[in-house]
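Per the working numbering, the very first residue in the sequence shown carries number 41; after that it's consecutive.
Virtual Cβ for every residue (Gly too), placed ideally from N, Cα, C.
In this text the structure is predicted, and so the values were computed from the model without any measurement.
Below: the structure, in structure tokens.
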Amino acid sequence: MLTQFKQLLTHYTGLALSETDHDKAYKFLQSRLAELKTPDLAGYVQQLTANSLRADQEWQLVVQALTVPESFFLRDKGQMHILQQHILPELIQRNRHQRQLRIWSAGCSTGEEPYSLAMLVQKLLPDAHEWDVLILGSDINDKVLAKARAGLYSRWSLRDVGPEVLAYFQPAQQGLLALDPDLREKVTFRRVNLLQTPFPDLEINKIDLILCRNVFIYFDQAAIAAVVEKFVQTLNPEGFLLTGHGELYQQPLYGLQTRLYLESVVYQRSAQSSSRSPAVLPDLPRPAAVPTLTAPDIAKARIATLDQAYQAGDYAQVLAIAQTLLSQQNDFDAHYWSAKAFASLGQYPAAEARLHAALALNKRSAACYYLLAHIREAQGDSQQATELLNKAIIADEQFIPAYLELAALYEYDEPLKCQQMRGQALNLLQKLPPKQYLEEFAAHAQDLILHLQ
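Pasting the structure below:
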């Protein structure tokens, strides 16, 4: 019953239902079958696949039940810094002559992201009233779009912002905060199914910047490839695509080039790109049977399996593997990789609990302190993040990511310390083979050296 529904869900929305959501999906189906007085799943599937308004309404109930909208203003300070300091100024300068700027927040949830973009544009473009500016927010879920249009937010959506953002809000009913009406008018909202809605179209075309963050982590790999192909067709030449960290790992990037920043990777459509249909990636060949595996071999294979699942965005698989390992022994790798999966899902308390369990087994794990620092920073505790990054360096003086992360934290308030941290990172990078890959930054050593220099 569930297998057939999962296939239909992926075909229609791109969403790949994880094992952790099976119980939720099963209860939802039971409830709908009972309410609709439909005897079996076949009848319900027939309703969903009908070309009718009723089918559209039923799909809305499905996505509202099986997706959990989560967003907040100026989410991911690193990527916001790239937008404010690099991408948006470049686009504004490039488009000065035609005075047009087109931005799309795809998968905008309750609207925090497109409204954040409107704030950045207003700050960077004082004469915006003389421009043709489109800031579009889209989502598959009508319910979250209604909330976005209302512009009413709890303080949780503003948990990581300063006074300059709070100035856009006024107290409203039931303890909520109302967004400034002038800013609300700068954003247009529309329902878009990224997989099924045809675009480019009359509105979604010649886009300068597309943000599609923390959407692909829920998508099937084939669906990601199909949507990225449509994004390429929709972008202006040299337009930008910004996704969540690592969401396009192992995806074919036809027509896209990568631009590397310390905070993130940004994708840019080639100046003269003619996108092509993504090739179907062949299955990886299965390794030949190994007659005898040593303990280091087993550990290496286990880490490779966890890493492969994590990089593919299959966090449910990471957690399943980790749980199997932990049922056999108190395993550092199982704790650490499940912490990474929980952190990527935004489940920070669970991630911290696993990291502390990992540190109990290895108190000198710089990677654990580094991930804890990221979690603290995401929760707005920069002081604790700084302390944890220093612990990472104490645990491993060669741990380059901690130096670069500290440099980013020191950049505005303590420029001398920032320069010291970058200098130390540069010295360490120069000792590495040029082609050595640093997973934390999705870049090779030689690329990071060029950036720091």
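Residue i Cβ short of 8 Å to the ligand GTP heavy atom set
i       : result
Lys-226 : With respect to the ligand GTP, the structure offers nothing, as it holds no ligand at all.
Within 9 Å, strictly: CB atoms of residue i and residue j
i       : j       : result
His-375 : Ala-362 : yes
Val-161 : Gln-140 : no
Leu-235 : Ala-212 : no
Leu-176 : Thr-228 : yes
Leu-446 : Leu-429 : yes
Ala-207 : Pro-154 : no
Ser-149 : Glu-204 : no
Pro-441 : Leu-401 : no
Ala-407 : Ala-432 : yes
Val-358 : Ala-381 : yes
Leu-165 : Trp-171 : yes
Glu-287 : Ala-311 : no
Gln-87  : Arg-94  : yes
Asn-254 : Gly-151 : no
Ser-304 : Gly-118 : yes
Tyr-289 : Gly-353 : yes
Ala-266 : Ala-56  : no
Ala-168 : Lys-226 : yes
Leu-42  : Thr-89  : no
His-491 : Leu-300 : yes
Chain-order list of residues whose beta-carbon lies under 6 Å from that of residue i (same chain, five-residue window excluded)
i       : result
Ser-58  : Ala-356
Met-120 : Leu-114
Trp-99  : none
Leu-488 : Leu-469
Asn-370 : none
Ala-328 : A caution first: Ala-328 carries a pLDDT of 35, below 50, which makes its placement in the model unreliable, though a value can still be read off. For Ala-328, where only same-chain residues beyond five positions count, there are no Cβ hits under 6 Å.
Asp-222 : none
Ala-425 : Ala-413, Arg-416 and Glu-417
Cutoff 7 Å; reference residue i; Cβ partners in own chain excluding five residues on either side
i       : result
Lys-457 : Tyr-450
Lys-270 : Phe-239
Leu-123 : Leu-160
Leu-131 : Leu-141, Asp-248 and Leu-249
Ile-343 : Asp-373
Gln-138 : none
Lys-246 : Arg-142 and Asn-276
Gln-44  : Leu-81 and Val-85
Under the three-state DSSP convention, the category residue i falls into
i       : result
Tyr-208 : coil
Tyr-410 : helix
Ile-143 : strand
Thr-107 : coil
Tyr-193 : strand
Gln-486 : helix
Pro-221 : helix
Tyr-307 : strand
Pro-473 : coil
Val-227 : coil
Thr-283 : strand
Gln-387 : coil
Ser-178 : strand
Asn-233 : coil
Arg-299 : strand
Asn-467 : helix
Phe-239 : coil
Asn-254 : coil
Glu-417 : helix
Pro-325 : Summary for Pro-325: the model assigns pLDDT 34, below 50, so the residue's position carries little reliability; its value from the coordinates is reported in the next sentence. If DSSP states are grouped into helix, strand and coil, Pro-325 belongs with coil.
Glu-278 : strand
Asp-61  : helix
Leu-249 : strand
Tyr-376 : helix
Val-173 : strand
Leu-478 : strand
Residue i at chain B interface by Cβ criterion, 9 Å
i       : result
Gln-438 : Among the chains in the structure shown there is no chain B, since it carries only a single protein chain.
Nearest-angstrom beta carbon gap, residue j and residue i [assumed within contact, 8 Å]
i       : j       : result
Ala-448 : Leu-302 : 7 Å
Val-291 : Val-306 : The sequence given here places Gln at residue 291; Val does not occur at that position. Wrong, their Cβ atoms sit about 15 Å apart, outside the cutoff.
Leu-365 : Glu-392 : Not really, about 20 Å apart at Cβ, beyond 8 Å.
Lys-64  : Leu-106 : 7 Å
Arg-416 : Ala-435 : The Cβ separation is near 16 Å, so there is no contact.
Ser-145 : Arg-230 : Contact doesn't hold; Cβ gap of about 11 Å is too wide.
Gly-54  : Phe-259 : 5 Å
Ala-379 : Ala-398 : 7 Å
Nonlocal neighbours in the same chain, by C-beta distance under 8 Å from residue i, ignoring five residues either side
i       : result
Leu-293 : Val-268 and Tyr-307
Trp-196 : Phe-112
Gln-476 : His-484 and Ala-485
- Message: Counting beta carbon pairs with one atom in the segment 62-72 and one in the segment 270-285, are three or more of them shorter than 8 Å?
- Response: no
- Message: Below 8 Å, how does it come out for the segment 282-292 and the segment 242-253: are there three or more Cβ pairs, yes or no?
- Response: yes
- State whether the segment 376-391 contacts the segment 410-426, with contact taken as three or more CB pairs (one from each stretch) at a distance under 8 Å. yes
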